[in-house]
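Engineer: full-length UniProt numbering puts the first residue of the sequence shown at 1, with every later residue one more than the last.
Backbone N, C-alpha and C define an ideal beta-carbon position, used for all residues, glycine too.
All figures in this text were calculated on a predicted structure; none of them were measured in a lab.
Pasting a structure here, questions to come.
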Amino acid sequence: MSKRLFLFLLLVFIILNIGLGSWGLTESSEARYAEISREMLLSKDYINPSLLGVYHYHKPPITYWITTLGYKIFGVNEFGARFFLQIAIIIQLLLVYNIAQLLFNQKKVSLLATVVYFSFPIVLISSRNLTTDAYLTTFIMATIYFWLARIKNALGLWALYAFYICLGLAILTKGPVALLFVITFIIVHHWMLKKRIRTSFHGIVGLLLFFGISTSWYVFLWLKDPSFLDYFLHRQVADRIFSNSFSRTKPFYFYIIILPALLFPWVLVLLKNIFGKGKSFFRRKDGISILVISVVILILLFSIFKTKLILYILPLFWMVAIVIAKMLVTMEPKKLKILNITYAIMSLLLVVASLLFYLFNMSYLNISLWEVLLTLGLVSLWFFIYFKIKNTKPLTTGILAAGFSTILLIFGMFIMGDNPGEINSIKRISSFVEKVNPSSKKFVLVYNYLLDSAPFYLKGDIVTINAGHNTTERDIQFQPNEHWKKNLINWSDESQKSYLVSLLDKPNSFLILRKRDSGDDKLKTLLYHFQKRKEFEKWIVYYHN
């Protein structure tokens, strides 16, 4: 590892961990993964993930295992939940460098690709939000690195086995979707370079090893309950691709529009070099064309799928970073200067925006004077570097881009901490409830919403009232008994009404509901039990005298 790369990774690691636990868990994805991992740690059941006392088999267990390790080291808190995401980002940066070296063998391009990758907002988002995506991306990148290293004889036979192991771990992180990224890249690589895919004894052994790792968790649960296989393949795979069962449907063009926005202003480099050269670009038979065609195919595939979220396409951004770096090293200084000026304008706009939000006291986003001054200080430092580095070189542009992303990272950390309602965190609400009643014997009822982080922050029993919202529809077919009914009340189930009333009448009970549900007629029979209420950004808490 070069000294410059080591120093860059060290600096990034420090930046990523600044204030990592200073904002609350965000509902619902991050809170869900954090709470499942907490319950796994407490139960010591590392095979059957559970959420609020109900088995939750939506995802394989690796993300939970990693998060549980974070809890064991740092305690059950936000920092412990997010720490290994930062390790994943550092590994990704190292892999970007090494993959670029295997493809082009130019240290200048490889280092620049690493810096460019860190500048992508989507990469930073994945480091702030606990989901499977950062870990999946790491395993996919490792898989492709070991595959390239083996076919180019850069590493020994062990790299072939590492390829299959990492691919198996990728499946155990998010399921079969990992295969799309790896298989697409390998097929495009062999097609463009007109190479045949060969098999060998070690390849067959590696394939068996892959199947053993990737199917281990699924087979274990299938042997326990044969209906699990149909549940996972139909409910968790097919429904996510072809239906709106998880309320995440986006139009076909979602990624086609969002990708340029996520890549601005780097997208200007891509448009100029790819589409500016027309068909001649796609006739090339080199690493750039392999990466670009792989990205195009993957974007089209994910556009076909019904379920779409921004982080679903995170595993293709390392390819984009390498393409941009390769293009930057041949770019004219005049064009590099345009990129630098663009980042300068964006930095100034960030200061102006923060100042306007502060001066006009926008109700939906709280920004303090301290945060305005901090932003001004960071942007001033950015401009100091901008004017200090007088040369117009590709790496200079990369450093300025990474510097701007660092400002966003630090600024965002404070904004998220001061605006829990806007990031869907209930940390402030939980602090209020705990202040009113710190007892572990209280009952906290949540109306018509599965509040995943409630047990993470609140002592006592958390009871969800299912009045029709999709989050409260739990998969209970794998429950060994009916103990789950203690914490999940179906509004339409008359047999549970007396239990619900008994909870509402307890002096140590609370009712939490979303403001958007406050007009629901069903609430009339619930609210008269309480004498006090406290409003927050998006929630209302009802409690007794």
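Name the two residues that bound the continuous beta strand (DSSP E) containing Lys534.
Structural biologist: Segment 532–535, the beta strand (DSSP E) holding Lys534.
Engineer: Less than 8 angstroms between C-beta atoms, sequence neighbours within five positions excluded: which residues of the same chain meet that for Trp217?
Structural biologist: Ile47, Pro60, Pro61, Leu172
Engineer: Residues bridged to Thr464 by DSSP?
Structural biologist: Val446, Leu488
Engineer: Going by C-alpha distance, which of Val109, Tyr161, Phe79 is nearest His202?
Structural biologist: Tyr161
Engineer: To which residues of the same chain is Leu229 closer than 6 angstroms at the C-beta, ignoring the five residues directly before and after it?
Structural biologist: Trp222
Engineer: Hey, Ile462 and Asn490: beta-carbon distance below 8 angstroms or not?
Structural biologist: no
Engineer: Would you kindly check if the distance between the Cβ of Ser289 and the Cβ of Met192 is under 8 angstroms?
Structural biologist: Against a cut-off of 8 angstroms, the Cβ pair of Ser289 and Met192 comes out as a contact.
Engineer: Grab the span of the beta strand (DSSP E) containing Tyr542 for me, first residue to last.
Structural biologist: 539–543
Engineer: Please report the distance separating the alpha-carbon of Phe456 from that of Ala325.
Structural biologist: 42 angstroms
Engineer: Put Ser495 into one of helix, strand or coil per three-state DSSP.
Structural biologist: helix
Engineer: Spatial neighbours of Phe84 within its chain, please: C-beta separation below 6 angstroms, excluding the five flanking residues on both sides.
Structural biologist: Ile66, Gly70
Engineer: Between Thr63 and Thr114, which are expected to be in contact by the criterion C-beta below 8 angstroms, what is the C-beta distance as a whole number of angstroms?
Structural biologist: That pair is no contact at about 25 angstroms.
Engineer: What's the C-alpha gap between Leu316 and Leu94?
Structural biologist: Each residue's Cα considered, the two are about 16 angstroms apart.
Engineer: Identify every run of the alpha helix (DSSP H) within the segment 34–79, keeping only runs that are complete inside it and at least 4 residues long; order them along the chain.
Structural biologist: 62–74
Engineer: Which of the three DSSP states, helix, strand or coil, is assigned to Phe13?
Structural biologist: helix
Engineer: Let me know if Thr397 comes out buried or exposed under the rule of 16 or more other beta-carbons within 10 Å of its beta-carbon.
Structural biologist: buried
Engineer: Please work out which residues of its chain come closer than 7 angstroms, Cβ to Cβ, to Gly287, disregarding the five sequence neighbours upstream and downstream, and give them in chain order.
Structural biologist: Correct list, in chain order: Leu103, Phe104.
Engineer: What would DSSP say about Phe411, mapped onto helix, strand or coil?
Structural biologist: Phe411 falls in the helix class under three-state DSSP.
Engineer: Exposed or buried, what is Gln477 when buried is set at 16 or more other beta-carbons lying within 10 Å of its beta-carbon?
Structural biologist: exposed
Engineer: Go ahead and pull the three-state DSSP assignment for Arg514.
Structural biologist: strand
Engineer: Taking the continuous alpha helix (DSSP H) assigned at Met141, which residues delimit it?
Structural biologist: 133–151
Engineer: What residues in its chain sit with their C-beta under 6 angstroms from that of Leu336, if we drop five residues either side in the sequence?
Structural biologist: Thr392, Thr397
Engineer: Around the Cβ of Tyr394, are there at least 16 other Cβ atoms within 10 angstroms (buried) or fewer (exposed)?
Structural biologist: Reading the sequence as shown, one finds Pro at residue 394 and not Tyr. Looking at its Cβ environment, which holds 16 or more other Cβ atoms inside 10 Å, Pro394 is buried.
Engineer: Tell me whether the segment 358–371 and the segment 415–427 touch, counting them as touching only if at least three CB pairs, one residue from each stretch, are closer than 8 angstroms.
Structural biologist: yes
Engineer: Would you identify the three-state DSSP class for Ser509, choosing helix, strand or coil?
Structural biologist: strand
Engineer: I need the boundaries of the alpha helix (DSSP H) containing Ser368, first residue and last residue.
Structural biologist: Going by DSSP, Ser368 is part of no alpha helix (DSSP H) at all; its letter is neither H nor E.
Engineer: Identify the continuous alpha helix (DSSP H) that holds Lys335 and give its terminal residues.
Structural biologist: Annotation: the continuous alpha helix (DSSP H) that includes Lys335 extends over 333–359.
Engineer: Quick check: the segment 378–389 against the segment 397–408, are at least 3 beta-carbon pairs closer than 8 angstroms?
Structural biologist: yes
Engineer: Mapping DSSP to helix, strand and coil, what is Thr392?
Structural biologist: In this structure, Thr392 counts as coil in the three-state DSSP scheme.
Engineer: So, for Ser347: in the same chain, excluding its five sequence neighbours on each side, which residues have a beta-carbon less than 8 angstroms away from its beta-carbon?
Structural biologist: For Ser347, where only same-chain residues beyond five positions count, the Cβ hits under 8 angstroms are Val379, Trp382, Phe383, Phe404, Ile407.
Engineer: Which residues share a DSSP beta bridge with Thr249?
Structural biologist: Thr307
Engineer: Return the CA-CA distance between Lys538 and Lys485, expressed in angstroms with no decimal places.
Structural biologist: 27 angstroms
Engineer: Starting from Pro121, follow the alpha helix (DSSP H) in both directions and report where the run begins and ends.
Structural biologist: 121–128
Engineer: So within the segment 158–232, which uninterrupted beta strand (DSSP E) runs reach at least 3 residues, ignoring any that extend past its ends?
Structural biologist: none
Engineer: How is Ala154 classed by DSSP in three states: helix, strand or coil?
Structural biologist: coil
Engineer: Within 10 angstroms of its Cβ, does Asn273 collect 16 or more other Cβ (buried), or is it exposed?
Structural biologist: The residue is buried, with at least 16 neighbouring Cβ atoms inside 10 Å.
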